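Enquirer:
Residue numbers (the working numbering): 529 to 571.
1) For a test of the three-state rule: what should DSSP assign to residue 530, helix, strand or coil?
2) Alpha carbon to alpha carbon, how far is residue 545 from residue 538?
3) Using only the alpha-carbon positions, how far apart do residue 532 and residue 543 sit?
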């Protein structure tokens, strides 16, 4: 395996990992905002 191939592999893993973390954080933030809106509506 060449250095370029290894770099591409690492970049691919980093991209996938960042995508996973990003969507997870977005999901958490969305859920948190939804809860805030719901509690605001109830009062």
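Yeah, the Cβ is synthetic: ideal placement off N, Cα and C, and Gly gets one too. From a predicted model like this one, the values you see are computed outputs, not experimental measurements.
Expert: Taking the geometry as given:
1) Looking up residue 530 in the chain shown gives position 2. Residue 530 falls in the coil class under three-state DSSP.
2) Taking the chain shown and counting its residues from 1, one reaches residue 545 at position 17. Taking the chain shown and counting its residues from 1, one reaches residue 538 at position 10. Looking at the two C-alpha atoms, the distance is approximately 10 Å.
3) What you label residue 532 is simply residue 4 of the chain shown in a count that begins at 1. What you label residue 543 is simply residue 15 of the chain shown in a count that begins at 1. Near 16 Å, if we compare the C-alpha coordinates of residue 543 and residue 532.
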